[in-house]
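All remarks here apply to the structure that follows.
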Amino acid sequence: MILTETEETVVKETQTGVSKPDAIKIKNVTVSFKSKSNGLYTALHNINLDVKKGEIVTLIGHSGCGKSTLMNTISGMVAPTSGEVYANGNLVKGPGPDRGIVFQNYSLLPWLSVFQNIYVAVDSALKDLSATEKRELVEKNLQMVHLWEHRHKLPGHLSGGMKQRVAIARAFAINPSILLLDEPFGALDALTKGSMHIELLKLWNLDNRNKTIVMVTHDIEEAIFLSDRVVVMNNGPAATIKEIVDVPLVRPRNKKSIVHEAGYMDTHDRLLGLLTDKFDINDID
Amino acid sequence: MKKILTLDTLYTILSFFGSLVILGIIWELVAIVTEHEIPGPASTWVVFKELIAEPFYDRGPNDKGIGNQLFSSVYRVFLGFGIGSLIAIPMGLAMGSSKFMMRLFNPIVQILRPVSPLAWFPLGLLAFQAAEGATVFIIAITSLWPTLINTSFGVSSIPEDHKNVGKAFGFSTWKYITKIMLPFALPHMITGLRLSIGVAWLVIVAGEMLSGGVGIGFFVWDSWNGLSLEKILIAILIIGTVGLILDKAFSAVQHAFAWENK
Numbered sequence: 038m039i040l041t042e043t044e045e046t047v048v049k050e051t052q053t054g055v056s057k058p059d060a061i062k063i064k065n066v067t068v069s070f071k072s073k074s075n076g077l078y079t080a081l082h083n084i085n086l087d088v089k090k091g092e093i094v095t096l097i098g099h100s101g102c103g104k105s106t107l108m109n110t111i112s113g114m115v116a117p118t119s120g121e122v123y124a125n126g127n128l129v130k131g132p133g134p135d136r137g138i139v140f141q142n143y144s145l146l147p148w149l150s151v152f153q154n155i156y157v158a159v160d161s162a163l164k165d166l167s168a169t170e171k172r173e174l175v176e177k178n179l180q181m182v183h184l185w186e187h188r189h190k191l192p193g194h195l196s197g198g199m200k201q202r203v204a205i206a207r208a209f210a211i212n213p214s215i216l217l218l219d220e221p222f223g224a225l226d227a228l229t230k231g232s233m234h235i236e237l238l239k240l241w242n243l244d245n246r247n248k249t250i251v252m253v254t255h256d257i258e259e260a261i262f263l264s265d266r267v268v269v270m271n272n273g274p275a276a277t278i279k280e281i282v283d284v285p286l287v288r289p290r291n292k293k294s295i296v297h298e299a300g301y302m303d304t305h306d307r308l309l310g311l312l313t314d315k316f317d318i319n320d321i322d
Numbered sequence: 044m045k046k047i048l049t050l051d052t053l054y055t056i057l058s059f060f061g062s063l064v065i066l067g068i069i070w071e072l073v074a075i076v077t078e079h080e081i082p083g084p085a086s087t088w089v090v091f092k093e094l095i096a097e098p099f100y101d102r103g104p105n106d107k108g109i110g111n112q113l114f115s116s117v118y119r120v121f122l123g124f125g126i127g128s129l130i131a132i133p134m135g136l137a138m139g140s141s142k143f144m145m146r147l148f149n150p151i152v153q154i155l156r157p158v159s160p161l162a163w164f165p166l167g168l169l170a171f172q173a174a175e176g177a178t179v180f181i182i183a184i185t186s187l188w189p190t191l192i193n194t195s196f197g198v199s200s201i202p203e204d205h206k207n208v209g210k211a212f213g214f215s216t217w218k219y220i221t222k223i224m225l226p227f228a229l230p231h232m233i234t235g236l237r238l239s240i241g242v243a244w245l246v247i248v249a250g251e252m253l254s255g256g257v258g259i260g261f262f263v264w265d266s267w268n269g270l271s272l273e274k275i276l277i278a279i280l281i282i283g284t285v286g287l288i289l290d291k292a293f294s295a296v297q298h299a300f301a302w303e304n305k
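Respectively, the protein sequence lines represent chains B and P.
In the working numbering, each residue's number is its place in the first sequence (first place is 1) plus 37.
In the working numbering, each residue's number is its place in the second sequence (first place is 1) plus 43.
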């Protein structure tokens, strides 16, 4: 794996100042589940959130605060009990190929090779392409995450980082305008995680920063490094958005120097303050 | 090249022969205690050599060589097992993938599964008007349960993660079945088939004792009527060995399809 510290690719500066259309619109979304023991459990209560095209937004919060549920309403895996979610202007009624998902635990099919794992996804999501075009697409995306030479391996033979790169390549391969990442790097060690952040931004840059990315995480540094805005959620049940924090750092960002930039520590402290109320041993009662 | 004769395989071979020696000693002791009422290995060996000298002779309907007996039994077992599996696999897939089908058919499965093969035999006779058909019938109906239960368990335990992949990328039903459901359930299915062939082989002796004609089960009964205990013992050993070979064959298939270990 190549461990670069900056986003290598030069990006054509997208027109700044012009307001971009909303890629995702979440309107008054409430999600309740029937639980076996005590009736109705409300996971999310009255959530409103707009995400612009090409924006990277992270959802952060404690475990069980409903951030994955919120994400699943965008992906269409969970239907809101009330309210609506729009993706690219269309009401979300279920999963669709305009939204690519990277799951928390990679979710590769263990009996299919790396190549096949991506091919079945492409084959299902992009039916109009010819077999050759599909193959080329798989090759392009596997080259992009530097796994082409591992294409014949089964997922069981890959490291965690490699598996996650396959999952990311799979999500990119169907060329969705929206990418949904559910704690994608949660199971990786810190070093691998760092290089995966760079790789993700690189892929985003390669596409002229046109893809909208929503990511669930509970890692503050990760949220700041990657995103334009950080959505902090309250603890459930009936979780709401506590605050949306803007990340005032210019791109391309550099892993090493970003911590010294003005605004980094402020943002970090603000997020830590929102997420934590105990800071040293004297705070424990 | 892979080394074929490692120390480990040598131990395996040696302990296999050790196991045979222990069996021989116990057998001989039993023969001594019963004052050769039950014949010992030596006298059985003499009879065995006679049987094996001409395994495929055919002198009329009730007098056939041991090879003929064995082959018609194996044929019946595979026929019954095959028919049973053709019923069990689709039923298992249906019950595993739908809660409704599971609720609908599970009580039937639970009621019929513990029924002894012998209890089915008269029904088979009635239905097929022939002993041959009845034997295949009881093999099919008693050996299908392990395959059915294991297949439905395999399908119903597909992890949410795998299902989500299908949902997220918009797999068609056909793609879901061929790329997610069947690959995941296959190892369970093969385990079921392995158990089923074991049951089928277990049932064959009882079935053929009732049906008569030709077969290893009939051979045991015929030898008892002819008071040749040596032949019964030989038949027991042959039945055991064939059962072992069948099990090993299915175990090899199991390993070939186990994606978990690859």
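Idealized CB from N, CA, C, for every residue including glycine.
For GLU121 of chain B, the three-state DSSP class (helix, strand or coil): strand
Proximal residues of chain P, C-beta to C-beta of VAL157 of chain B below 8 Å: PHE212, PHE214, LYS218, LYS222
Beta-ladder partner(s) of GLU280 of chain B, from DSSP: B:VAL269
The region 114-132 of chain B: positions lying closer than 7 Å to chain P by Cβ: MET114, PRO132
Length of the line joining the Cα atoms of ASP256 of chain B and ALA211 of chain P: 25 Å
Assigned exposure category for ASN319 of chain B - 16 Cβ within 10 Å defines buried: exposed
Run of the beta strand (DSSP E) containing MET252 of chain B, from where it starts to where it stops: 249-254
Selected residue, minimal CA-CA separation from SER264 of chain B, among B:VAL66, B:MET270, B:THR254, B:GLU298: B:THR254
Reference ILE201 of chain P; option with closest CA among P:GLN153, P:ALA85, P:PHE227, P:THR194: P:PHE227
Proximal residues of chain B, C-beta to C-beta of ASN193 of chain P below 8 Å: In chain order: nothing, as chain B lies at least about 18 Å away.
Residues that THR219 of chain B bridges to, as DSSP identifies them: Note that residue 219 of chain B is Asp in the sequence shown, not Thr. Note: ASP219 of chain B sits in a beta bridge opposite B:VAL253.
Per-residue contacts from LEU225 of chain B into chain P (C-beta, under 8 Å): Ordered by position in chain P, no residue passes the 8 Å Cβ test against LEU225 of chain B, which lies about 17 Å from the chain.
Cβ neighbours of LEU276 of chain P in the same chain (closer than 7 Å, five flanking residues each side left out): PRO82, THR87
The region 55-76 of chain B: positions lying closer than 7 Å to chain P by Cβ: none
Members of the region 225-245 of chain P near chain B, C-beta cut-off 7 Å: PRO226
Exposure of ALA295 of chain P, with buried meaning 16 or more beta-carbon neighbours within 10 Å: exposed
Residue of P:PHE143, P:VAL257, P:TYR219, P:GLU175 minimising C-alpha distance to LEU113 of chain P: P:VAL257
Where TRP217 of chain P falls, given that 16 or more other Cβ within 10 Å makes a residue buried: exposed
6 Å Cβ shell around SER266 of chain P - same chain, five flanking residues per side excluded: LYS274, ILE275
Beta-bridge partners of ASP204 of chain P, as assigned by DSSP: The partner list for ASP204 of chain P (beta bridge, DSSP) is empty, contrary to what the question assumes.
Contacting residues, own chain, Cβ-Cβ under 7 Å from THR194 of chain P (five flanking each side not counted): ALA131, ILE132, GLY135, LEU136, GLY139, ALA228, HIS231, MET232, GLY235
Three-state secondary structure assigned by DSSP to VAL76 of chain P: helix
DSSP-derived helix/strand/coil call for LEU312 of chain B: helix
CB contact check: ASN316 of chain B to chain P, cutoff 8 Å: Sequence check: residue 316 of chain B is Phe here, not Asn. So no, PHE316 of chain B is outside the interface.
Check whether GLY273 of chain B and ALA80 of chain B have beta carbons under 8 Å apart: yes
Extent of the continuous alpha helix (DSSP H) to which ASP290 of chain P belongs: 272-300
Given GLN153 of chain B as reference, the closest of B:GLU173, B:ASP314, B:GLU280 once Cα atoms are compared: B:GLU173
Cα-Cα separation between GLY310 of chain B and ASN271 of chain B, rounded to whole angstroms: 13 Å
Separation of VAL152 of chain P from LYS142 of chain P, as counted between CA atoms: 15 Å
Whole alpha helix (DSSP H) elements within the region 217-277 of chain P, 4-residue minimum: 225-254, 259-268
Between the CA atoms of ALA276 of chain B and CYS102 of chain B - distance to the nearest angstrom: 6 Å
Limits of the beta strand (DSSP E) - the one that HIS82 of chain B falls within: 77-89
contact_flag[the region 117-124 of chain B, the region 62-78 of chain B] where n(CB pairs < 8 Å) is 3 or more: yes
Residue-level contact to chain P via CB, LEU146 of chain B, 8 Å cutoff: yes
Chain-ordered chain D contacts of TRP70 of chain P [CB-CB under 8 Å]: Absent here is chain D; the protein component of the structure consists of chains B and P.
Range of the contiguous beta strand (DSSP E) that encloses ASP160 of chain B: No beta strand (DSSP E) contains ASP160 of chain B, which is instead part of the alpha helix (DSSP H) from 151-162.
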